[in-house]
Structures are given as C-alpha cells and as structure tokens.
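Novice: To start, I am sharing the structure in question, which I have written as structure tokens.
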Amino acid sequence: MHKPCVSHLKVALRLLRYLKLCPGQGLSFRKSDSFDITCFADSDWGKCLNTRKSITGYCIFLGQDLISWKSKKQTVSRSSGEAEYRAMCSATCEVVWIVNLLSELGVNCKVPVRLYCDSSAAISIAANPVFHERTKHFELDLYFLREKISSGFIQTVKVDSGSQLADIFTKGLSAGLFFLDLCVVKWFRVCTLLYLVIFSLVLRDWCSVLVDDHHVVNTELALGLELSGLPFFWALRKPVGSTELNLPDGFLERTRDRGVVWTSWVPQLQILNHESVGGFLTHCGWGSIVEGLMSGHPLIMLPFLVDQGLNARILVDKQVGIEVPRNEEDGSFTKESVARSVSVVVDDEGKICKANALEVSQIFGDTKREKTYINHFIDYLEKKRSVVSINDET
Numbered sequence: 001m002h003k004p005c006v007s008h009l010k011v012a013l014r015l016l017r018y019l020k021l022c023p024g025q026g027l028s029f030r031k032s033d034s035f036d037i038t039c040f041a042d043s044d045w046g047k048c049l050n051t052r053k054s055i056t057g058y059c060i061f062l063g064q065d066l067i068s069w070k071s072k073k074q075t076v077s078r079s080s081g082e083a084e085y086r087a088m089c090s091a092t093c094e095v096v097w098i099v100n101l102l103s104e105l106g107v108n109c110k111v112p113v114r115l116y117c118d119s120s121a122a123i124s125i126a127a128n129p130v131f132h133e134r135t136k137h138f139e140l141d142l143y144f145l146r147e148k149i150s151s152g153f154i155q156t157v158k159v160d161s162g163s164q165l166a167d168i169f170t171k172g173l174s175a176g177l178f179f180l181d182l183c184v185v186k187w188f189r190v191c192t193l194l195y196l197v198i199f200s201l202v203l204r205d206w207c208s209v210l211v212d213d214h215h216v217v218n219t220e221l222a223l224g225l226e227l228s229g230l231p232f233f234w235a236l237r238k239p240v241g242s243t244e245l246n247l248p249d250g251f252l253e254r255t256r257d258r259g260v261v262w263t264s265w266v267p268q269l270q271i272l273n274h275e276s277v278g279g280f281l282t283h284c285g286w287g288s289i290v291e292g293l294m295s296g297h298p299l300i301m302l303p304f305l306v307d308q309g310l311n312a313r314i315l316v317d318k319q320v321g322i323e324v325p326r327n328e329e330d331g332s333f334t335k336e337s338v339a340r341s342v343s344v345v346v347d348d349e350g351k352i353c354k355a356n357a358l359e360v361s362q363i364f365g366d367t368k369r370e371k372t373y374i375n376h377f378i379d380y381l382e383k384k385r386s387v388v389s390i391n392d393e394t
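The sequence shown: position 60 = 60 (full-length UniProt numbering), numbered continuously.
And the structure:
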C-alpha cells in the first residue's frame, strides 16, 4: 500500500469499471465511532454431495458495517465439530489480518474480538487444554485458535442457530430467503446479534386481487412504505397481461438501501418464521391470516374482497392487528394511512397487538388442543349421523 505500482493501478481501474457497470449494487456503510470487530463463523458439514467437503463461511463486522465475508469448501472433516472448528480458525485468521491492517492505518480495535459460533462442540474444543484423538486431524488449527483465545485476542460466544448470520454463506437458499437473509446482513443488524432490534414487513401480492386500478393500489402502498422509513420485503407479482410493476417512479432507487421488491414466488411460511420479520401486511385471506398468526406476528390488514373485510374486523376486535384506515364509500386509502398503520406496530401502541398475536401463535402451535378439537368435531359428526339415520328409519 505504501509503494503502489502499475499492477495496483490496473486493479483499481478494473474495480472502477465494475462499479460503473453495477449501479445500485453493493453494501451500505454508515458513519460510526465504533471500531469494535465482531465475527460470525459457521460450517455445514459434508454439504457437497460430490466431494463430501464441508462448506465454511464467515462474516466480519466493523462496528455495524459488514467489511469481510467468505464462503468456500474446506478439507474433508470427520465430524461436524471439526468442520465448525476449522471455520472458526479461518475466521480468526481473517480477523488477525484486519486488526493488523487497521493498526497500520492508525486505528486501534477493541479486544477481545467476539467470535460467534453456534456449535457447542467447537467452542468446547477451543477451551479444552487437553489434546485428544478427536482433534488430531487439525492439530495446527487447534493450537492457533487456542493461542488467540488464551492471549485474550479472541472471545468465543455461543449463539443459537437461528441467529447465526454466517449461515447464509454455508448453504443454498431459495431466492426469496437468500435476499431476505442478505437484507439482514446488510441493513437490519443493530449493535450486537444478542440484542437484535429488527423490524421488517412482508407484503402479500395485491395483483391477484380484482381491484379496478392496480396502479393506484401499488402507488399508495409503495409511497406509504417509503414514508414510514421502515425496512421491508415485498412479494409483488406483475398484473396479468402486464410487464410493469406499477410502482411510483424512482421508488426502487429511493428505497434500495432498506427494502426489497421480489417479483417471483417466495416461501411465505419460511419468511414469516424468519427472525427479522416483525409484522405482516396482508389482504386478510384466511390462509394468510393463519400463517401470519402461527408465526406470532401482528397483522397490518388491508382487505379487498369477499370475506376479507369481515375477517379484518374480527381480528381488529381481537386486537391481534391493525386495519389500514380507508374511505368507507369507495374503499380508497392513502399513503399516510399506510405509513401510520405500519408505524403503530413498532411503537408502544402496538404492544397489545404483539402480545395477543404471540398468544394466538401458542394456540395454533398447541397440537394437543388441535387434536382435541378434531376429536370433538368427529364425535359431533358421528352423533349427527346417528340422529339422521334414526330419522330416516322412522
């Protein structure tokens, strides 16, 4: 870096050409006074079906900004604990390099560096001073990481698998989940993973609903989301026979740093169960209502047809969600009403809805209660059948 030459200039020019041809792509970096480094390391043991190599991945944050990440196949490991441990060692090597680089630039990073891993076995191996047969296959890695831990440079932290940010780098995801996880890594992380304060919206497609003017509906929804200032994931299909999304001019560009508009199929249940999701804006079809409440999310309701309005009013009475205010004469709504309804869910006003939605999710997840209801229903049908049979005979 202190003696640039022609080869460095060529690399810089190549990067500039790449950036010029990729507008709107990249990571967002925010100004911060924090120079704390945190790292997430993960491995998917024997994931490659051809070579049975494990897929290792890690991501490193400086403050709240993602500055380094990697995904690669590693040497064949004999256990998942070994694979996870190798991932931790790879991440530690990268952390050492980053800390040394920042030191040369006059930036002193806080130590110990927190290394998050979801494998108790790997963390135990790192802390265990006894050398045994399960660690003989990666002896050098074993001593390298153990030395960094004993010197106070690295601090290993156990994190649950659902909060492991490096998981995105170790396995293939469906397109919708990949972009949702990418959003979490890029935008939604707050301070440290253990104290995540995240809110996201999943908006169900309106274009399959028979509304007179899709453009007006999508425009008010989009502008309402923009006005709310909240991150979002919007599943939106194009209207039948149209090649346009009917979104306001410049909306995608203005919100690209905090939202995704996804135009193909998404695994709704998996997305609703994602930890980054904090609310569900739905048209109140019964299937969507059940899936949303099963996931424990308060609902932001915008009904259009048939029983959707009745469903919404019942759920509002049950205080598990909020209905977007609209004109009772023509059914229209405004961007302000959308923004207000969405924001209420994250404010103190939405605490009751969150608590009630969580309570309902526990009811939906009670398999014993569900079996009881089914058994009672079958008993009811059998009794009615007996009554009908007796009446027919008489």
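We put the beta carbon where it would ideally sit given N, CA and C, even for glycine.
(1) Going by DSSP in three states, F153 sits in which element: helix, strand or coil?
(2) Given that a residue counts as buried once 16 or more other Cβ atoms are within 10 Å of its Cβ, and exposed if not, what is A87?
(3) Is the beta carbon of S71 less than 9 Å from the beta carbon of F169?
(4) Taking contact to mean at least 3 C-beta pairs separated by less than 8 Å, is the segment 244–257 in contact with the segment 273–288?
(5) In whole angstroms, give me the CA-to-CA distance for N311 and V324.
(6) Applying the criterion that 16 or more other CB atoms from any shown protein chain within 10 Å of the CB defines a buried residue, is R52 buried or exposed?
(7) With a CB to CB cut of under 7 Å and the five nearest residues on each side skipped, what residues in its chain are close to I352?
(8) Let me know the secondary structure DSSP gives R326 once reduced to three states.
(9) Let me confirm a value: H376 is counted as buried when at least 16 other C-beta atoms fall within 10 Å, else exposed. Which label applies?
(10) Among residues of its own chain, excluding the 5 on either side of G285, which ones have a beta-carbon nearer than 7 Å to its beta-carbon?
(11) Return the chain-ordered list of same chain residues with a C-beta closer than 8 Å to the C-beta of H8, the five sequence neighbours on each side being excluded.
(12) Which one or two residues does DSSP pair with C93 in a beta bridge?
(13) When the Cα atoms are used, what is the spatial distance from D65 to N327?
(14) Straight-line CA distance for S79 to V344?
(15) Specify the secondary structure class of F40 as computed by DSSP and reduced to three states.
(16) Nearest to V342 by CA position, among I149, S228, V260, is which residue?
(17) Residues in the same chain with beta-carbon distance under 8 Å from G365, minus the five sequence neighbours each way, listed in chain order, please.
(18) Would DSSP call F61 helix, strand or coil?
(19) Take N108 as the anchor and find which of I271, I37, V266, A235 has the nearest alpha-carbon.
(20) Compute the distance between the beta-carbons of Y58 and A166, then report whether it is under 9 Å.
(21) According to DSSP, which residues form a beta bridge with R86?
(22) Check whether the Cβ atoms of Q164 and R114 lie closer than 9 Å to each other.
(23) Just tell me which of G224, A235, Q268 has its CA closest to the CA of F251.
(24) Give me the residue from L105, L281, L13, F153 with the minimum Cα distance to C93.
(25) Could you spell out where the alpha helix (DSSP H) holding I363 opens and where it closes?
(26) Please go through the same chain and pick out, in chain order, the residues whose beta-carbon is closer than 8 Å to the beta-carbon of K148, but skip the five residues on each side of it.
(27) Rounding to the nearest angstrom, what Cα-Cα distance links W262 and K3 in this structure?
(28) Measuring straight from C-alpha to C-alpha, what distance separates V159 and L269?
(29) How is the beta strand (DSSP E) around K110 delimited, first residue to last?
(30) Let me know if C5 comes out buried or exposed under the rule of 16 or more other beta-carbons within 10 Å of its beta-carbon.
(31) Return the CA-CA distance between M301 and I322, expressed in angstroms with no decimal places.
(32) Near E291, which residues of its chain fall below 7 Å by C-beta distance, leaving aside the five closest residues on each side in sequence?
(33) Closest to V360 by C-alpha separation, out of E82, D348, P298, would be which residue?
(34) Would you mind sorting L305 into buried or exposed? The rule is 16 or more other CB atoms within 10 Å of its CB.
(35) Look up K383 in the DSSP assignment and say whether it is helix, strand or coil.
(36) How far does the alpha helix (DSSP H) with I168 in it reach, from first residue to last?
Specialist: Concretely, from the data shown:
(1) Three-state result, F153: coil.
(2) With 16 or more Cβ atoms within 10 Å of its Cβ, A87 is classed as buried.
(3) Inclusion of S71 and F169 in the CB contact set at 9 Å is warranted, their separation being smaller than that value.
(4) Put simply, the segment 244–257 does not touch the segment 273–288. Fewer than three CB pairs are less than 8 Å apart.
(5) Spanning the alpha carbons of N311 and V324 requires a straight line of approximately 13 Å.
(6) When all chains shown are included, R52 counts as exposed.
(7) Excluding sequence neighbours, I352 sits near Q319.
(8) Of the three classes helix, strand and coil, the one that applies to R326 here is coil, per DSSP.
(9) Under this definition H376 is an exposed residue.
(10) Counting only Cβ-Cβ distances below 7 Å, and skipping sequence neighbours, we find Q308.
(11) Within the same chain, and ignoring the five residues on either side of H8 in sequence, no residue has its Cβ closer than 8 Å to its Cβ.
(12) DSSP lists no bridge partner for C93.
(13) Spanning the two alpha carbons is a distance of roughly 43 Å.
(14) When rounded, the distance between both Cα atoms is 48 Å.
(15) DSSP places F40 in strand when its eight states are reduced to three.
(16) Minimum Cα-Cα distance from V342 among the listed residues I149, S228, V260 corresponds to S228.
(17) For G365, where only same-chain residues beyond five positions count, the Cβ hits under 8 Å are M294.
(18) Of the three classes helix, strand and coil, the one that applies to F61 here is strand, per DSSP.
(19) Of the candidates I271, I37, V266, A235, the one whose C-alpha sits nearest the C-alpha of N108 is I37.
(20) A Cβ-Cβ contact shorter than 9 Å links Y58 with A166.
(21) Beta-bridge pairing links R86 to no other residue.
(22) In this structure, R114 does not lie closer than 9 Å to Q164 by Cβ.
(23) Among G224, A235, Q268, the Cα nearest to that of F251 belongs to G224.
(24) Measuring C-alpha to C-alpha distances from C93 to each of L105, L281, L13, F153 identifies F153 as the nearest.
(25) Counted as a single uninterrupted DSSP element, the alpha helix (DSSP H) harbouring I363 occupies residues 351–364.
(26) Hits under 8 Å: T92, V96, I154.
(27) W262 and K3: Cα-Cα distance of roughly 45 Å.
(28) Going from the Cα of V159 to the Cα of L269 covers about 23 Å.
(29) Taken as a continuous stretch (DSSP letters only), the beta strand (DSSP E) holding K110 covers 110–117.
(30) The residue is exposed, with fewer than 16 neighbouring Cβ atoms inside 10 Å.
(31) Between M301 and I322, the C-alpha separation is close to 6 Å.
(32) The residues Q268, L269, L272, in chain order, have a CB closer than 7 Å to that of E291 in the same chain once the five nearest residues on each side in sequence are set aside.
(33) Of E82, D348, P298, the residue nearest in Cα terms is P298.
(34) Of the other Cβ atoms in all chains shown, fewer than 16 fall within 10 Å of the Cβ of L305; this residue is therefore exposed.
(35) Correct three-state label for K383: helix.
(36) That residue, I168, is in no alpha helix (DSSP H); it is neither H nor E in DSSP.
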